[in-house]
Structures are given as structure tokens and as C-alpha cells.
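The numbering of the sequence shown is this note's numbering, which starts it at 196 and goes up by one. Let me begin by presenting the structure, written as C-alpha cells, before commenting on it.
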Amino acid sequence: NLVAAGRPTGVSTVSRFVQEEFDFVIGSAEVDGPEQVREIVAAVDGVVDVLFVDGESKPYLDRPLSVTASALAKNSRVLSYKDNEVWARSVDHQVVALLSEVFGRRVTILGTSNLALKLALLLAERGAAVTLAGDAVDKLDQALSAIRQLALGRVYVGTESDCEVACLGADALLSFWQSPQQVSRAMVEAVAPGAVVMDAVIGSISADAIAIGIERGLRLIRPDMRAGLAAELRLALGAHRLVHEFMGRGE
């Protein structure tokens with residue numbers, strides 16, 4: 196599994212974690228350019244059955260990593276997927292599982308990044324009351340307009356310029372802030388008892404906020420893509436087989 200980094204770093208990072216499923220094993224690496232893809236493909240082509248490569252366009256890339264990998268691999272099959280989409284769907288399911296149901300629940304999302312808005316749309320379409328906060332007012336307004344245009348059905352999405360007010364009584368607080376911005380103690384004190392507080396981009400919650408969250412018995416978590424990535428790989432493999440073995444062939 197080759198994932199495109201959120202921004203250029205100049206290095207590739209190989210995960211120490213190997214995901215074992217019933218029918219496959221997944222190893223992952225994060226890269227930010229074609230040279231890193233070239234090195235990895237040269238090392239594993241023909242060794243692994245499938246190269247599962249991020250196919251999303253990134254602002255810093257001329258072309259998706261999956262296009263580069265497809266041109267280089269001769270023996271392993273290259274399948275592309277959209278990592279941000281998988282991430283958003285994974286977290287959507289995790290929030291639903293943690294809250295049992297999100298319909299009518301109050302969800303506060305800090306930030307207006309691509310990931311934040313994908314998740315906001317998914318939760319809003321489930322009937323959650325979503326509040327966008329933690330960015331400039333004009334960016335919040337643009338994000339709100341985009342979600343309303345894309346949403347299926349009537350959704351309950353609003354904005355709040357004051358982050359502490361946005362967190363008041365929230366059943367879930369999902370932070371997409373990048374350093375140096377961090378969720379404060381006051382924000383965690385404001386959420387509802389038993390709320391979920393998610394460190395969506397790792398490092399977005401201050402130490403004081405974590406301490407008060409633990410003291411209050413809140414559920415402080417980080418995203419986990421394992422189930423989503425495994426499901427996406429099964430979908431990609433199934434689609435490949437369906438297209439090449441069954442579609443257009445009479446039975």
C-alpha cells in the first residue's frame with residue numbers, strides 16, 4: 196500500500212505495522228514523489244501480488260502516484276484507490292460506532308481541510324448537527340456553502356467563530372488543526388459528558404486538554420484505517436475481477 200503524503204516531506208516512511216487479514220497481508224509506506232515510488236516498485240515488483248496505490252491528485256504532484264506505479268510495475272498488479280476517501284469513510288463509521296447513532300447528535304469539526312469537509316458531509320448526511328469552527332470566517336462560510344450544495348437531502352450544518360462556544364455540549368469533537376493550533380482545556384471542558392474527542396491529524400490536542408478529558412472520562416481517540424483499507428482493497432480486487440471476468444459476457 197503506497198499512500199501519498201499530505202504535503203511534501205522529501206522522505207518515504209515505511210510503517211512498522213503489518214496488517215494481517217484472512218485473505219491478504221498489507222504493508223504500507225507513505226511517499227511524496229515519483230522517485231520514491233520508483234525505488235519501492237523496483238524493490239517489490241513481482242514479490243507482492245498487488246501494489247495498492249493512492250490515486251488522488253495532490254497539489255504538489257504532477258500526476259497521481261498510481262499513474263507512476265502503473266507505468267513501472269511489470270509483474271505485480273497495480274490497483275488505485277483514494278486514500279482521503281477511505282480515511283473519511285473509516286472515521287465516519289468509527290464515530291457512528293462510538294456514539295451508537297449520530298442522527299440528531301451534535302458534532303463539532305475544527306478546520307476546513309479536504310479531510311474535514313469530507314467527514315462533515317458524511318456525518319451531516321447521516322443527520323448529525325454539524326458545526327464547523329476553527330478557521331477564518333470567510334473559509335467557514337465557503338465550507339458551509341460547499342457542504343450544502345453537495346449534501347443529499349436536508350442537512351443541519353452551521354458555523355461558529357468562537358471555538359469554545361462551538362464545543363459547548365458537543366457529543367463529538369473532531370480536530371483537524373495543524374500545529375501550533377491545538378484543542379484547549381476549555382474546549383474539552385465544554386463538550387458533553389461522555390463525548391468523543393478525536394485527534395484527527397495526530398498532535399492537535401494539548402496535553403492539558405488530554406488530561407482533563409481523561410479526568411472527565413471522555414473517549415479520546417485517534418483514527419484507525421485498518422478496517423476501511425481492508426474493505427477498499429477487497430472492493431478494488433472484486434471490481435477488477437468483475438470487469439475482466441464477468442462484465443459483458445453472456446451466461
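Using N, Cα and C, we set each Cβ at its ideal position, and we do this for glycine too.
CA-to-CA distance, residue j to residue i, given in whole angstroms
i	j	result
Val-206	Ser-223	14 Å
Gln-289	Pro-418	8 Å
Ala-264	Gly-228	11 Å
Ala-361	Ala-238	49 Å
Ala-381	Leu-363	10 Å
Arg-211	Gly-322	38 Å
Gly-412	Arg-300	19 Å
Cys-358	Glu-280	26 Å
Ala-319	Lys-313	10 Å
Thr-204	Val-396	16 Å
Tyr-255	Arg-202	7 Å
Arg-444	Gly-433	16 Å
Val-220	Leu-424	11 Å
Gly-343	Gln-337	Note on identity: in this sequence residue 343 is Arg, with Gly being the wrong assignment. About 10 Å.
Chain-order list of residues whose beta-carbon lies under 7 Å from that of residue i (same chain, five-residue window excluded)
i	result
Asp-244	Ser-271 and Arg-272
Ala-268	Val-236, Asp-240 and Leu-246
Residue i, DSSP secondary structure in three states
i	result
Glu-225	strand
Ala-331	coil
Asp-394	strand
Gly-353	strand
Phe-441	helix
Ser-370	strand
Ala-324	strand
Ser-210	strand
Asp-403	helix
Asp-419	coil
Leu-339	helix
Ser-275	strand
Arg-457	What is shown of the chain runs 196 to 446, which leaves residue 457 out entirely.
Leu-180	The chain is shown from 196 up to 446; residue 180 falls before or after that span and cannot be answered.
Beta-carbon gap between residue i and residue j smaller than 7 Å
i	j	result
Ser-275	Ser-261	yes
Val-352	Leu-339	yes
Gly-306	Phe-217	no
Ala-315	Val-325	yes
Ala-404	Ser-374	no
Asp-257	Val-198	no
Cut-off 6 Å between Cβ atoms - residues of its own chain near residue i, not counting five sequence neighbours on either side
i	result
Leu-335	Leu-327 and Thr-354
Start-to-end residues for the alpha helix (DSSP H) that takes in residue i
i	result
Ala-268	First-last for Ala-268: undefined, no H or E at that position.
Asp-278	278 to 294
Spatial neighbours of residue i in its chain, beta-carbon cut-off 8 Å, leaving aside the 5 residues before and after
i	result
Leu-450	This structure does not reach residue 450, given that the chain is present from 196 up to 446, and the question cannot be answered.
Any C-beta of chain D under 7 Å from that of residue i
i	result
Val-262	Of the protein chains in this structure there is only one, and it is not chain D.
For residue i, the first and last residue of its enclosing beta strand (DSSP E)
i	result
Gln-377	It is not in any beta strand (DSSP E) - Gln-377 carries neither H nor E in the DSSP assignment.
Arg-301	301 to 305
Val-245	245 to 249
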